[in-house]
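All remarks here apply to the structure that follows.
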Amino acid sequence: MTAKPKVLISDKMSAQAEQIFKDRGVEVTVKTDLKPEELAALIGQFDGLAIRSSTKVTAEILKSASALKVIGRAGIGVDNVDVPAATKTGVVVMNTPFGNSITTAEHTIAMMMALARDIPQANLSTHAGKWEKTKFMGAELFGKTLAVLGCGNIGSIVADRGIGLKMKVIAYDPFLSAERAVELGVEKVELEEAFKRGDFITIHTPMTESTKGIINKAAIAKMKKGVRLINCARGGLIVEADLKEALDSGHVAGAALDVFETEPAKENLLFNHAKVICTPHLGASTVEAQENVALQVAEQMSDFLLQGAIANAVNMPSVSAEDAPKLKPYMKLAEQLGSFAGQLATADATEIAIEYEGQVSLLNTRPLTALVLAGFLKPSMEGVNIVSAPARAKERGLAIAETKRDKAKDYQTLIRVTIKGKDDSATFAGTIFSGEHPRIVDINGVPTESALSKEMLYVENLDKPGLIGALGTILGNAKINISDFNLGRIPGKDKAIALVSVDEYIPEHIVNAIKNISQVERVQLLRF
Ligand code: NAD
Ligand code: MLT
């Protein structure tokens with residue numbers, strides 16, 4: 001019986017997650033509020049780590065995570081995970097992008113309404129027995145312009161709710177298509193215009209290099225006097241010091257903030273400002289959203305650890321649970337072809353061209369391409385896998401070309417890998433026999449039908465009699481059993497190749513003896 005995969009839940013999340021892991025056959029440990037050194041000491045035992053936003057998965061933690069295959073974030077933002085470091089170490093990082101969108105959009109609307117009518121301030125004053133009926137003069141939302149910056153999952157729900165409140169909704173999002181804008185009923189505008197026209201400006205972009213500090217002094221200067229700002233996305237999108245200045249001067253009438261530059265925010269320069277209302281990163285905090293994300297993260301991580309299905313990974317193409325079994329034989333073939341190429345092709349490769357023909361071209365080929373790259377790089381790069389291979393290929397300066405043709409010539413389904421170097425190129429192609437058995441069918445134009453085994457010998461030789469006998473004698477004398485022998489002629493040349501499967505590792509002196517056979521031009525040990 002194979003051992004159950006092990007998952008650590010290191011942040012507080014709905015108990016449903018724990019139950020789902022158990023029901024799916026995953027061993028689960030719950031340990032929250034761990035200090036970084038405690039997490040580092042524990043993480044080595046686990047295949048999966050399920051987190052919300054408290055656990056910080058740094059490159060340092062990842063160094064200790066020798067068995068880790070997947071990090072599951074119950075929520076959207078993965079800014080508490082060092083994704084490039086995870087990718088480099090081959091760990092899949094997945095999130096749950098939709099489970100808390102409605103809840104966060106509703107929080108945004110609640111914050112906008114509270115801001116428009118000073119509800120938190122009026123609540124405090126009333127509880128204090130002040131009855132300040134004239135102090136809190138609000139603003140109506142009806143007919144006002146709501147500018148939505150970032151119109152993705154959450155932004156588009158906020159836009160929809162804004163339209164429901166009879167606001168005029170404008171949106172700035174460079175990736176929002178004109179058709180989608182029409183479908184949502186929003187007017188697509190440029191950033192400057194969103195700043196200029198918004199009575200209420202709400203931000204729903206991810207935190208990236210291009211969005212960090214998007215609302216700063218210069219941006220605020222372009223806004224209407226009396227504008228109100230809402231941030232339920234990420235602290236740091238608004239420059240807090242610039243906001244404070246604009247609130248003090250009265251240019252900004254108020255701000256509603258759920259997120260802060262530094263979190264947990266125990267202190268902040270905007271705290272206790274009369275025009276600022278705050279919540280402690282509560283955007284996703286409803287029972288419904290927390291159940292959604294916990295359930296989804298546990299299902300996704302279990303699917304991955306038990307079946308190899310990949311959903312909502314931020315550093316990997318998706319593979320659905322339905323596609324995973326269909327892709328399985330091709331995944332083996334893709335890695336074998338890459339590995340074959342990596343062991344045989346020249347070291348100065350500059351480009352890898354991968355062609356998918358016939359049945360395989362109809363599948364999701366991105367994971368297959370990642371596996372070809374992983375197989376290719378493995379002989380010369382430590383620790384590379386399906387997750388890290390595309391990034392590491394890029395690091396090495398390899399150009400990747402992928403083409404698909406739904407019709408294949410000689411085989412119903414075929415993957416062809418061509419490695420191009422400065423002065424030469426090498427091609428390897430393979431197919432699947434009987435729906436599950438990978439076979440190499442072409443090595444540099446030489447037709448063959450070879451299964452790859454753990455230990456193999458590749459020989460290029462002059463096509464003259466005597467090779468098989470000489471090779472067989474050397475291996476036989478060394479008591480190395482041959483389990484398969486494939487020969488093929490290089491078209492138009494008096495040369496041939498032999499691909500030989502053997503039962504055990506061939507020591508160097510035997511390889512040298514084979515090299516000395518008169519017909520032999522090249523010998524290479526291959527391991528799969
Ligand atoms: P999303 O990826 O669905 O949408 C983000 C949108 O921003 C996309 O449409 C994208 O095209 C757009 N965008 C990217 N760069 C942009 C730029 N430079 N300018 C303008 N638009 C840009 O993400 P989402 O699920 O809608 O989440 C939005 C934000 O909310 C994220 O920052 C997320 O971390 C945060 N969030 C916060 C809470 C909370 O508790 N407060 C909860 C969930 C999500
Ligand atoms: C998220 O990114 O999903 C939110 O920040 C909510 C959270 O998990 O706290």
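First residue of the sequence shown? That's 1 in the working numbering, and the numbers climb one at a time after it.
For each residue, glycine too, the CB sits at the ideal point set by N, CA and C.
Closest to residue i by CA distance: which of the options is it?
| i | options | result |
| --- | --- | --- |
| leucine 269 | Leu295, Arg197 and Asp242 | Asp242 |
| isoleucine 510 | Phe528, Asp503, Leu363 and Leu471 | Leu471 |
| alanine 496 | Gln19, Gly143, Pro447 and Ala324 | Pro447 |
| alanine 67 | Gln45, Ala341 and Thr427 | Gln45 |
| leucine 115 | Ile238, Asp47, Asn231 and Ala255 | Ala255 |
| asparagine 486 | Val459, Ile506 and Gln300 | Val459 |
| proline 36 | Val28, Val70, Asn80 and Gly25 | Asn80 |
| phenylalanine 21 | Leu62, Cys278, Glu299 and Ser285 | Glu299 |
| lysine 407 | Thr369, Ala426, Lys168 and Gln359 | Gln359 |
| leucine 165 | Ala194, Lys244, Pro329 and Glu106 | Glu106 |
| glutamate 322 | Ala311, Asn315, Glu27 and Gln16 | Ala311 |
| methionine 137 | Ala59, Ala253 and Lys328 | Ala253 |
| methionine 223 | Ala147, Arg180, Ala284 and Val83 | Ala147 |
| glutamate 504 | Val520, Lys454 and Pro465 | Lys454 |
| leucine 282 | Val417, Lys225, Met111 and Thr413 | Met111 |
| glutamine 16 | Ala451, Leu295 and Pro438 | Leu295 |
| alanine 274 | Glu38, Leu124 and Val28 | Leu124 |
| threonine 211 | Glu193, Gly235, Pro264 and Ala391 | Gly235 |
| isoleucine 43 | Gly375, Val91 and Leu247 | Val91 |
Any chance the CB of residue i is under 8 Å from a heavy atom of the ligand MLT?
| i | result |
| --- | --- |
| threonine 104 | yes |
| asparagine 292 | no |
| histidine 281 | yes |
| arginine 161 | no |
| arginine 396 | no |
| alanine 498 | no |
| isoleucine 230 | no |
| glycine 155 | no |
| serine 483 | no |
| asparagine 312 | no |
| isoleucine 76 | yes |
Would residue i pass as a contact of residue j if the rule is Cβ separation under 9 Å?
| i | j | result |
| --- | --- | --- |
| arginine 117 | alanine 139 | yes |
| glutamine 336 | isoleucine 440 | yes |
| isoleucine 490 | aspartate 463 | yes |
| leucine 191 | cysteine 151 | no |
| valine 319 | alanine 309 | yes |
| leucine 344 | glutamine 524 | yes |
| glycine 305 | aspartate 47 | According to the sequence displayed, residue 305 carries leucine and not glycine. Contact flag set, yes. |
| glycine 430 | proline 438 | yes |
| valine 26 | methionine 316 | no |
| histidine 204 | alanine 233 | yes |
Since residue i contacts residue j with CB under 8 Å, what's their CB separation in whole angstroms?
| i | j | result |
| --- | --- | --- |
| arginine 405 | glutamate 436 | Actually they are not in contact, since the Cβ atoms of arginine 405 and glutamate 436 sit about 23 Å apart, beyond 8 Å. |
| leucine 149 | isoleucine 201 | 7 Å |
| alanine 237 | methionine 207 | Just to set this straight, residue 237 is leucine in the shown sequence, not alanine. Indeed they touch by this definition, with Cβ atoms about 6 Å apart. |
| isoleucine 482 | valine 502 | 6 Å |
| serine 10 | isoleucine 51 | 6 Å |
| proline 329 | isoleucine 170 | Their Cβ separation, rounded to whole angstroms, is 51 Å, which puts proline 329 and isoleucine 170 out of contact at 8 Å. |
| glycine 72 | methionine 94 | 5 Å |
| serine 101 | isoleucine 154 | 5 Å |
| isoleucine 214 | valine 158 | That belief does not hold up - the Cβ atoms of isoleucine 214 and valine 158 are roughly 16 Å apart, past 8 Å. |
Between residue i and the ligand NAD, is the CB less than 8 Å from at least one heavy atom?
| i | result |
| --- | --- |
| valine 81 | no |
| cysteine 278 | no |
| phenylalanine 551 | With the chain covering only 1 through 528, there is no way to say anything about residue 551. |
| alanine 284 | yes |
| glycine 570 | Because residue 570 is not part of the residues shown, which for the chain are 1 to 528, the question remains open. |
| methionine 331 | no |
| serine 361 | no |
| serine 54 | no |
| lysine 101 | A quick correction: the sequence has serine, not lysine, at residue 101. Correct: serine 101 has its Cβ closer than 8 Å to the ligand NAD. |
| arginine 197 | no |
| serine 64 | no |
| methionine 112 | no |
| aspartate 258 | yes |
| alanine 233 | yes |
| threonine 208 | yes |
| threonine 211 | yes |
What residue range is occupied by the uninterrupted beta strand (DSSP E) comprising residue i?
| i | result |
| --- | --- |
| isoleucine 71 | 70-73 |
| serine 156 | Not the beta strand (DSSP E): serine 156 falls in the alpha helix (DSSP H), residues 153-164. |
| alanine 171 | 168-172 |
| glutamine 307 | Unbroken run through glutamine 307 is the alpha helix (DSSP H), 287-307; no beta strand (DSSP E). |
| threonine 145 | 145-149 |
| alanine 67 | Note, alanine 67: premise wrong, no beta strand (DSSP E); not H, not E. |
Kindly indicate the opening and closing residues of the alpha helix (DSSP H) around residue i.
| i | result |
| --- | --- |
| leucine 377 | 366-377 |
| serine 538 | It is not possible to answer for residue 538, since the shown part of the chain is limited to 1 through 528. |
| proline 329 | 323-344 |
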